[in-house]
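Numbering (the working numbering), first residue to last: 48 to 206.
C-beta atoms are modelled at their ideal positions from N, C-alpha and C, and glycine is treated no differently.
Keep in mind the model is a prediction, meaning the values are calculated, not measured.
Remarks on the structure that follows.
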């Protein structure tokens, strides 16, 4: 396995653990804290559902690119996707979502292990940022975690 694989897998693991630590430290009341209200109202619990759905979608688009596809379709409506996926997970408990996140993250780490070094330079469409190389798509997963963890701390007044 190359240094590139090792770095991405380590960051996915480490940032996933950091995010889990944030979520696992929440009280039942904090899970219901509203964190976003810009066109959609999401609680912290909804945000975890979003993380799971988005990461699963990144895996899907990564596989698509590696199989000769374009990644996210042009004109992909990311807000509609996010709202639909979050609503679809509304009945999941916090404990179930945490287990889902762990499983999704492990699947991402395992998937990265299957990517050949030359394939990291293949290009596809990210649903938000547009055309980019596969390497950057997978780096964005852990950066996405970091961004939302910061938003949680801000909403709770802890960071």
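Can you look up residue 99 in the DSSP assignment and give me helix, strand or coil? helix
If contact is defined by three or more beta carbon pairs under 8 Å, each pair taking one atom from either stretch, is the region 72-87 in contact with the region 106-121? no
Going straight from the alpha carbon of residue 126 to that of residue 99, what length do you get? 15 Å
Just mark residue 171 as buried or exposed, buried being the case when its beta carbon has 16 or more other beta carbons within 10 Å. buried
Assuming residue 149 is part of the alpha helix (DSSP H), what are its boundary residues? 141-161
Taking just the CA atoms, how far does residue 165 sit from residue 184? 15 Å
If distances are taken between C-alpha atoms only, which option among 119, 92 and 187 comes closest to residue 74? 92
Out of curiosity, what's the CA-to-CA distance linking residue 210 and residue 157? Outside the modelled stretch of the chain, which goes from 48 to 206, sits residue 210, for which no answer is possible.
Meets three-Cβ-pair contact criterion under 8 Å: the region 191-204 and the region 134-151: no
Let's see if you can read the secondary structure: which residues bound the alpha helix (DSSP H) around residue 135? 125-135
Coarse secondary structure for residue 170, derived from DSSP in three states: strand
Could you please give me the residues that DSSP links to residue 177 through a beta bridge? 173
Given residue 123 as reference, the closest of 180, 61, 59 and 176 once Cα atoms are compared: 176
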